[in-house]
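Protein chains in written order, with this note's numbering: chain A, 1198 to 1444; chain B, 6 to 304; chain C, 2 to 259. Here the structure is laid out as structure tokens; the discussion comes afterwards.
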Amino acid sequence: MTAILKTEKLRVEYRSREMRQKTKVALCGLDLEVHPGEVFGFLGPNGAGKTTTMNVLLGFVPPTSGNASLFGIDVRQPIARQRIGYLPELTYYYKFLTAEELLRFYAKIFGLARAEADRRIDELLKLVELEHARKRPIKSYSKGMQQRVGLAQSLINNPDLLVLDEPTSGLDPLGRMKVREIIQRLKKEGKTVFFSSHELGEVETVCDRVAIIHQGELKAIGSVNEITGRHASLEKAFLEIIGFTTP
Amino acid sequence: MNSPRPFLLLLIALLVFCFGLAAHLEPQFQAWPGSRAKGDIIAVVLGDSRRLFANTFYVKADEYYHSGYYPTMFDDNAAFQTTHMAADTGAVSSKNHGDEHGFLGPRRNWIDAFGRNFFPDRHTHLDSGGADDLSGSDEVREILPWLKLSADLDPDNVQTYTVTAFWLRERMNNAAEADTILHEGLRNCPESYDILFELGRLYNESYHDRDRARNVWELGVRKWQKLDPEVKKENRIVMEQLCIHLAKLEEDAGNLPRAIEWLQQAQEVSLMGPVIQQQIDRLRGKLGEEFNPLMKPLY
Amino acid sequence: MKNIFAVAGVVIKELYRRKDFYVLFIVTILICLMMASVNIFNDAKIVRYLKEICLLLVWISSIVIAVTTTARQIPAERENRTLLPLLAKPLTRAQLIAGKFLGCWLACGLALLCFYIFFGALAASREHQWPLLNYFQAAMLHWFMLGIVVALTLLGSLVFAAPSSNSTICFIVVGGILFVGRHLDQVALTLLEPTRTIVYSIYFAIPHLELFDVRDLVIHNWPLIPWLYFSLALLYALGYMAVFLAGACLVFRRKAVN
């Protein structure tokens, strides 16, 4: 099966501000593959390299060495992003735009025709339950509503691959449930979802496969059951994999 | 101890004391020369720096007189030492020299050459039309706002009043406003013979009131006579103009001997003695009598 | 191109939904109307001082709008993290820069249109004439000058860390060029080497924004600028816009956006 998302020996180094270190290694030879139609969880503690990996995949940061591709196209080509949707963490969208205007803006960038864009906007606003607020400026939205409009913009082009960075961050339990439902619905439609999260309970529920990264290195990759193994929960397995021993 | 009454009483006592002190000191403050309470809002806000602004706006008026074609501090402004709007009134001696048409000099590079298409590049005066080439038009009115502002900021600058009044009278045919500005000038500068000269011209040429013109001009001469000799040397031209205008007035009234006396007065201060002598001889010719060297001047 | 126009559209929406333009426009109107109500020797035909004050306010307001609107574009996108979902779309960095520039420039153009219509109405109320071609030339040159300012500020927003420092530097540079740009070569002559060469180099390198300041021609009713020179000035402006935008694209290409 051809991987929809693939990294080969991906290495990213940053110039370090500390005197003794010349460079800081954010990613160290990451090999990753995500297959079409699966929900893939990308886990790791803070500073492990999850966001750096996503930044490389989305073309924000060039890799120091190694390769990264989406749909077989090098990530540095803008065309690679034609079929993906991205939801970043903690984004405050344009306050002076309404939800409808924001989605129309992104639809234009994807080159959607007017009629198609109108249809998608209606569909997405219904999906994320923001129909009642479509004409209100985003600055009047609550945090949960902002996250939902972010989810809607990530789906505007009906993407084949959805990249979500902490999609449930800052949401209440109802909000988190809605996000899980959307992910499961997308999976049923045959979409591929690649997301990072600290909510291991959710990851256990929705993911087909997970990868655990720590200090820039891939520590484990496999199905949830494979990773959990003999441990009682994914959380306990995670803690052991990253080298945290409980007293 | 916790009762607020003593504190309230103390507060009231302090207020009464402050009020009494202010009332006691107020007359002394009003009489103090440095007091700004007497001045208008501009004097209070700007202080003496208003004179700098006044001069800037005075020069601005001359810039308007030239429809924007005016030297900056980087250009050769030798031909603009005396404002042209003042020099053209005839009441001010011009210190200008050099080329007023070409103060920009030759084109220094392609940027300079190209740039000259985007700002005024021709020497014109508003009273002869300005950039519109509307010869003899009254567009000189456009300098008036800046002159008014300059006069408001520096009420002691005599030239502002005389220049303003000249153009109001001469080009705008607005004698009433010229009269007003000159009287304002006299209130601020009561010893000014320049303003009296201009006022006399207003009475004579606009109101055709020779008697008032004569009175005012003679007053101007008396004020000039009170000046120090050194100051007189630097302000000859106004005295010359006063005497010549009085001479003309007397000549028109048929009082030729008086006219000759005024011309003799003018001759004493003028640098063009021979020319004035020709006028004296012409008047004598009219009278038909010889020059009497024993005749004393009136003043 | 559609991407560029899409980004530009958002910038224009931002301009007319923020208060900046309306505040400046209303302040301009109020000051001009106050100046127009002043009695100057009972002569209602005096108009040039009013034109000068109005145009001065228009120039100050337009430069403020241009610099402040442009200076916050990229930093605001970065701060609000909207840069990430934007660049995650099939939109190149160069297209983003072009879109931001076009949006800011068009927004300035719309603001200028409103200002110049008011100016024309104010002048016509006293002059009873509409030298439309003169106003057109002045407005176009003004707009193209703002294009250079927008491009410069956009480059600055990628070089300097904070929008406030970028704005301050841009105001100083623009003000400096407008006041003394024309005379730098004369200043250079008074200096010794190597300062003279440095100042001369600056003189030839800077965009001469003062070329586009034709207020004196409008105020004092000078004839039209020859169309050839007018066109060359616009081309000159386009050249500098291209240079600054190319610089911005080059800097942005190497900048981390996370």
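In this text, a Cβ means the ideal position worked out from N, Cα and C, and glycines have one as well.
From which residue to which residue does the alpha helix (DSSP H) around residue i run?
{"i": "G190 of chain B", "result": "180-193"}
{"i": "V64 of chain B", "result": "55-70"}
{"i": "I66 of chain C", "result": "49-72"}
{"i": "H102 of chain B", "result": "Note, H102 of chain B: premise wrong, no alpha helix (DSSP H); not H, not E."}
{"i": "A4 of chain B", "result": "Outside the shown range of chain B (6 to 304) lies residue 4 of chain B, about which nothing can therefore be said."}
{"i": "N82 of chain B", "result": "First-last for N82 of chain B: undefined, no H or E at that position."}
{"i": "E203 of chain B", "result": "198-206"}
{"i": "L107 of chain C", "result": "94-128"}
{"i": "H147 of chain B", "result": "It should be pointed out that residue 147 of chain B corresponds to Glu in this sequence rather than to His. Run containing E147 of chain B: none; DSSP gives neither H nor E here."}
{"i": "A257 of chain C", "result": "Counting along the chain, A257 of chain C falls outside any alpha helix (DSSP H), and DSSP gives it neither H nor E."}
{"i": "G1316 of chain A", "result": "Inspection of the sequence shows that residue 1316 of chain A is occupied by Arg rather than by Gly. Residues 1311-1324."}
{"i": "N4 of chain C", "result": "3-18"}
Which residue comes first and which comes last in the beta strand (DSSP E) that contains residue i?
{"i": "C1225 of chain A", "result": "1220-1231"}
{"i": "S1393 of chain A", "result": "1389-1393"}
{"i": "T1204 of chain A", "result": "1202-1212"}
{"i": "N1264 of chain A", "result": "1262-1267"}
{"i": "G1238 of chain A", "result": "1236-1240"}
I believe residue i touches residue j by the beta-carbon criterion, under 8 Å. Please report the beta-carbon distance rounded to the nearest angstrom.
{"i": "A271 of chain B", "j": "C248 of chain B", "result": "4 Å"}
{"i": "L113 of chain C", "j": "A234 of chain C", "result": "Between A234 of chain C and L113 of chain C the Cβ distance is about 16 Å, and since that is not below 8 Å, they are no contact."}
{"i": "A152 of chain C", "j": "M242 of chain C", "result": "5 Å"}
{"i": "L25 of chain C", "j": "I64 of chain C", "result": "With 8 Å as the limit, L25 of chain C and I64 of chain C do not qualify as a contact, their Cβ atoms being about 10 Å apart."}
{"i": "S1393 of chain A", "j": "K1292 of chain A", "result": "Going by Cβ atoms, the distance from S1393 of chain A to K1292 of chain A rounds to 26 Å, so no, they are not a contact pair."}
{"i": "N1252 of chain A", "j": "T1204 of chain A", "result": "Not really, about 12 Å apart at Cβ, beyond 8 Å."}
{"i": "I98 of chain C", "j": "C250 of chain C", "result": "5 Å"}
{"i": "L1299 of chain A", "j": "Q1350 of chain A", "result": "6 Å"}
{"i": "A183 of chain B", "j": "L201 of chain B", "result": "About 14 Å; that fails the 8 Å criterion."}
{"i": "Q103 of chain B", "j": "D81 of chain B", "result": "Reading off the sequence, residue 103 of chain B comes out as Gly, not Gln. The Cβ separation is near 6 Å, so the contact holds."}
{"i": "R94 of chain C", "j": "R254 of chain C", "result": "6 Å"}
{"i": "A7 of chain C", "j": "F1302 of chain A", "result": "6 Å"}
Compare the Cα-Cα distances from residue i to each of the options and report the closest residue.
{"i": "E1423 of chain A", "options": "A:I1409, A:K1206, A:G1413", "result": "A:I1409"}
{"i": "L1255 of chain A", "options": "C:V151, C:Y241, C:L88, C:T29", "result": "C:L88"}
{"i": "L1287 of chain A", "options": "A:V1360, A:R1427, A:K1340, A:I1270", "result": "A:K1340"}
{"i": "T169 of chain B", "options": "B:R146, B:D137, B:A264, B:L191", "result": "B:R146"}
{"i": "F119 of chain B", "options": "C:V244, C:V258, C:E211, C:V11", "result": "C:E211"}
{"i": "A139 of chain C", "options": "C:L85, C:V219, C:A77", "result": "C:V219"}
{"i": "P164 of chain C", "options": "C:Y136, C:W223, C:R79", "result": "C:R79"}
{"i": "R192 of chain B", "options": "B:P32, B:L19, B:Y166, B:D81", "result": "B:Y166"}
{"i": "L109 of chain B", "options": "C:L134, C:C171, C:A122, C:H184", "result": "C:H184"}
{"i": "Y69 of chain B", "options": "C:H221, C:L236, C:S232, C:Y237", "result": "C:H221"}
{"i": "V1390 of chain A", "options": "A:R1427, A:K1416, A:P1370, A:L1352", "result": "A:L1352"}
{"i": "V1400 of chain A", "options": "A:K1323, A:R1316, A:I1306, A:M1374", "result": "A:M1374"}
{"i": "W115 of chain B", "options": "C:I27, C:N40, C:F205", "result": "C:F205"}
{"i": "L51 of chain C", "options": "C:Y17, C:G104, C:R127", "result": "C:R127"}
{"i": "I1379 of chain A", "options": "A:L1348, A:N1354, A:T1295", "result": "A:L1348"}
{"i": "I265 of chain B", "options": "B:V97, B:F124, B:L288, B:G73", "result": "B:L288"}
{"i": "T94 of chain B", "options": "B:R121, B:I242, B:A27", "result": "B:I242"}
{"i": "L156 of chain C", "options": "C:L179, C:D217, C:V252", "result": "C:V252"}
{"i": "R55 of chain B", "options": "B:T87, B:Q246, B:P160", "result": "B:P160"}
{"i": "R3 of chain B", "options": "C:A37, C:L34, C:L31, C:Y201", "result": "Not covered by the structure: residue 3 of chain B. The range shown for chain B is 6 to 304."}
{"i": "P1233 of chain A", "options": "A:D1271, A:P1356, A:I1335", "result": "A:P1356"}
When every heavy atom of the ligand SAM is checked, does at least one fall within less than 7 Å of the C-beta of residue i?
{"i": "G1413 of chain A", "result": "Absence of the ligand SAM from the depicted structure is noted, as is the absence of any ligand whatsoever, leaving it without description."}
Against chain D, with Cβ distances strictly below 8 Å, would residue i count as a contact?
{"i": "H143 of chain C", "result": "In the displayed structure, chain D is absent; the protein chains listed are A, B and C."}
### Task
Closer than 9 Å, Cβ to Cβ, to anything on chain C: give me those residues from the segment 173-197 of chain B, in chain order.
If you check each beta-carbon in the segment 173-197 of chain B against every beta-carbon of chain C, the ones closer than 9 Å belong to L173, M177, N179, A181, E182, A183, T185, I186.
### Task
Name, going along the chain, the residues of the segment 1299-1325 of chain A whose beta-carbon falls closer than 8 Å to a beta-carbon of chain C.
Cβ contacts with chain C: F1302, Y1303, K1305, I1306, F1307, G1308.
### Query
Listed from N- to C-terminal order along the chain, which residues in the segment 116-134 of chain B have their beta-carbon within a distance smaller than 8 Å of any beta-carbon of chain C?
Shown in chain order are the members of the segment 116-134 of chain B whose Cβ falls below 8 Å from a Cβ of chain C: I116, D117, F119, G120, N122, F123, F124, P125.
### Query
Any residues in the segment 205-219 of chain C with a beta carbon nearer than 9 Å to a beta carbon of chain B? Which ones, in chain order?
The segment 205-219 of chain C vs chain B, Cβ under 9 Å: F205, H209, E211, L212, F213, D214, V215, R216, D217, L218.
### Query
Which runs of the alpha helix (DSSP H) fall wholly inside the segment 1281-1308 of chain A and span at least 4 residues, in chain order?
Within the segment 1281-1308 of chain A, the complete alpha helix (DSSP H) runs of at least 4 residues are 1296-1306.
### Task
Determine which residues of the segment 95-127 of chain C have a Cβ less than 7 Å from any Cβ of chain A, and write them out in chain order.
The residues in question: there are none.
### Task
For the segment 211-225 of chain B, enumerate the residues whose C-beta is nearer than 8 Å to any C-beta of chain C, in chain order.
Under the 8 Å Cβ criterion, the segment 211-225 of chain B contributes no residue.
### Inside the segment 1343-1414 of chain A only - beta strand (DSSP E) runs reaching at least 3 residues
Those beta strand (DSSP E) runs which fall completely within the segment 1343-1414 of chain A and span 3+ residues are 1358-1362, 1389-1393, 1406-1411.
### Task
Could you list the residues in the segment 255-276 of chain B with a C-beta less than 7 Å from some C-beta on chain C, going in chain order?
So the list is empty, because no residue satisfies the distance condition.
### Task
Please list the residues of the segment 35-59 of chain C that have a C-beta atom closer than 7 Å to any C-beta atom in chain B, keeping them in chain order.
Listed in sequence order: I41, F42, N43, D44, K46, I47, R49, Y50.
### Task
Tell me the start and end of each unbroken alpha helix (DSSP H) in the segment 146-212 of chain C that is at least 4 residues and wholly inside, in chain order.
Within the segment 146-212 of chain C, complete alpha helix (DSSP H) segments of at least 4 residues are found at 164-181, 185-190, 196-206, given in chain order.
### Query
What residues in the segment 180-197 of chain C bring their beta carbon closer than 7 Å to a beta carbon of chain B?
If the cut-off is 7 Å between Cβ atoms, the segment 180-197 of chain C has R183, H184, D186, Q187 near chain B.
### Query
At a Cβ cut of 9 Å, what residues of the segment 82-93 of chain C count as close to chain A, listed as they run along the chain?
Against chain A - using a Cβ distance shorter than 9 Å - the residues of the segment 82-93 of chain C are R82, T83, L84, L85, P86, L87, L88, A89, K90, P91, L92, T93.
#### Entry: Against chain C: residues of the segment 1269-1280 of chain A by CB proximity under 7 Å
Flagged, chain order: P1275, I1276, R1278, Q1279.
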